[in-house]
Structures are given as structure tokens and as C-alpha cells.
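Quick note: the sequence shown, position 177, residue 225 per full-length UniProt numbering, numbers continuous.
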Amino acid sequence: LLATLSNVNDLDALKKRLAEVGQTLEKMDGNIREGVEGCIGNTPLIKIKSLSEATGCEILAKAEFLNGAGNSPKDRVALKKGLLVPHSGDTIYEGTVGSTGISLAAICRARGYKAHICMPNDMAVEKSDLLLKLGAEVERVRPAPIVDQNQFVNLARKRAKEHTENPEKPGRGLFADQFETEANWRAHFTGTGPEIYEQTAGRLDAFISGAGTGGTISGVAMSLKSRIPNLKVVLADPQGSGLFNKVKYGVMFDSKEREGTRRRHQVDTIVEGIGINRVTHNFEVGRELIDDAIRVKDEQAIGMARWLVENDGIFVGSSSAVNCVAATQLAKQLGPGHRIVTLLCDSGARHLSKFWANTEPIGGTEQDVSLENILNP
Ligand code: PMP
């Protein structure tokens, strides 16, 4: 039928031909998505050819940056949160390092709510610029420990309360609370996990991902482990994060890091979005399902980001680069013939001024990036 159609230039003739085979133009419409919300989920699973060839494993990456509202896995979470808000005129408040805010801002715009985003001021400026263009109110605050009232998450909670209590303000202030809310891991339990299962026909040996709130790794682990009992779930953790030790040894800080009485609160890394020094509810719900952890240094993530562009034409941000370093390490540990799934969370375009500003220029006189150097810096 399609071959015939391509030869028909006259619209009436086309309709006639369709009628002959019981079709209409309307019925032929396919795959039209309903607004930005219709573009969330069902992301492709990409085989990363260079890493697969180098390791003899299949390294597959769920392209979450192709979610079509805020271009990250947080679209899935924001969509669930968005559903919680019944009245236009309300304002959503959230503490975020960027991605969740961007997803919320886009969906709020589409639904007629307002978004107010509190974020640390050391995150890439592209993210706050984008939030402003999406019409969100943005408060960039000094990075601070969770015990500080003005820490970005605490501030967002406080702002939501102030809004609701202020009769001058229209609607209510609602705190989205991505670190603690059940909607976060559930979005991955019902979306990301089952999609990975279908896309691999359940044939996979390991899932590996970083954790910020922990919603992704917990939700995917719960979904996949219930169906693939031998699946290995591994945390990819950037330098300066306490989660590595939590998974490996059950405590957040090793003795060296605990020296004196000062607990480290900040995660000292150039990587944005993953790594944290406290146990959130979204991490805790899946923690027992995480079998192992791999720590990744900033220089490894930077090298991997360049490697992916030079070898695969894939341009990603820092957390995706950490995921790919750890997936490659895991492939080396498991040996050839295994299938590993990880996530590409966001695009490098969101990290030009910070993470990518620290990478060497591509081509020119720079030495080629070697995978061996990335894995063993
Ligand atoms: N990558 C990026 C770029 C992120 O912003 C986040 C969320 N903070 C993550 C990864 C981690 O996802 P999760 O919060 O589900 O652990």
C-alpha cells in the first residue's frame, strides 16, 4: 500500500485508493505525541559501539536525554509529580541541582502552574539560564550542608510553606520533594525498568547507574530484580560521594574521611547530579538490592566524555560519563560476553561552561584519549 501511495500525487486519488483498501487518511496517522508530556518515556536503548568492541561485552545505554520535555530522566518523575497538582494557579517549589527543575518547569508551563526552583550556585549556569527561559523563578543559593536552613532543598520546602501561608499569594505552594517522595522511584519502577526489560527481552547481566536522589537506581533495581533474579545492580559513584562506602561497607564515611569531628557534607566533584553524602529515602528503598559500587574520579569522567564524542559521536554530560566509565570497568570485571545496561542522563550542551570547559579540545595536537588511560589514570 505504501508503495502505491508514494506514486499518488493527487489527494482525491489518494483518498479513493485508501477507501478501496478500507483506510482513511486519519486512520493512517501514526505516532503523533500529545504535547511535551507525550514525549516522555520510551527512550531508545543505544549500543555504545566503541565500549562494546573494546570490552567484548554489550554495553547498552538508555538515552534518557531524549525524553522530550526537560531532556533527562527527571521528566518521568516530574510527570508523576505534575499529576499531584489539581489547580492551575498553584506554584511548585523544588530543590534541585538542575534536571528535576528543568523538567518541572517545562511541565508546569504546559499545564499552567508556576515553578520556583532553588538550586546551588555552583551548578553549570546553562541550567539556571534554561530555567529562567522556561519561565521558572530561580533562587541560586550558596552550597550548604543539609542541616543549614538555607540549603537548597530546605529552602524550597520553606518557600512552599511561606507561599501557602501568605494570603496575598494566589493558589498554594507545593513542595515536590524529589529526594523523599515515593513518586520518584515509582516513576522508574513503572517506566524505566520495564522499558529496559522489554528492550533487552530480559536478557541482561547487570544494571549500573549513579545516584543523586537514588530514585533511578532504586526503581530500576526493584523492577528488574523481581524479573531477573541473577541481575547484578551496581552503583556508579563520583569522587567525594559517601554512597560508595555505604554500599560497600554499610557506612557513609571511611575512617580517614571521618577524621576529627567534622563530617564532610559537600560532594567534592565536578560531576553534577550524582553523588551525595546522606542517605535519602529514594536511595534507602532500593539499597539492599545494590550489589556493588564502583568509584569514578573526575579525570576519568572527563576522559570518557571526550572518548564518547571522538569514537561514537555521543555528546553527554558528567553523570552519563561517570556511568560509562563504571560500565566499562564492570565489563572488565565480568569478562567478555556479558550484557550491561546504563543510562545517558543529559546532554553535554547543559555542561559547556563547567564540566566540558575542563576537557581538552578535541583533535589538534592533543594526545588521543585511550581507554586504558581512562580506566587506569
Ligand atoms: N544525572 C543527572 C544529570 C541528574 O540531574 C540526576 C538527578 N539529580 C541524576 C543523574 C541521578 O538520578 P537520581 O536522582 O534518580 O538518582
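Each residue gets a CB set at the ideal place from its N, CA and C atoms; glycine is no exception. From a predicted model like this one, the values you see are computed outputs, not experimental measurements.
Counting only runs of 4+ residues, the alpha helix (DSSP H) found wholly inside the region 88 to 128 occupies 97 to 103, in chain order. Counting only the Cα atoms, residue 285 lies some 22 Å from residue 124. When secondary structure is reduced to three states using DSSP, residue 290 falls in the coil class, being assigned neither helix nor strand. Closer than 7 Å to some heavy atom of the ligand PMP: that describes the Cβ of residue 265. Annotated three-state conformation of residue 206 is helix, per DSSP. Residue 342 and residue 399 have their C-alpha atoms spaced approximately 23 Å apart.
For residue 256, DSSP records a beta bridge to 282. Contact between the region 255 to 265 and the region 273 to 287 is established, with three or more Cβ pairs separated by less than 8 Å. Listed in chain order, the non-local C-beta contacts of residue 102 below 8 Å within the same chain comprise 376 and 419, local neighbours out to five positions each way being set aside.
Within the same chain, Cβ atoms closer than 7 Å to the Cβ of residue 288 are found at 315, 316, 317 and 323, the five residues on either side in sequence being excluded. With a threshold of 16 other beta carbon atoms within 10 Å, residue 195 falls short and is exposed. DSSP lists 282 as the beta-bridge partner residues of residue 340. Residue state for residue 384 is assigned as coil, using DSSP reduced to three classes. The Cβ atoms of residue 68 and residue 117 lie no closer than 8 Å to each other.
For the region 133 to 157, the full-length beta strand (DSSP E) segments reaching 3 residues or more read 139 to 143 along the chain. In this structure, residue 233 places its C-beta atom within 8 Å of the C-beta atom of residue 334.
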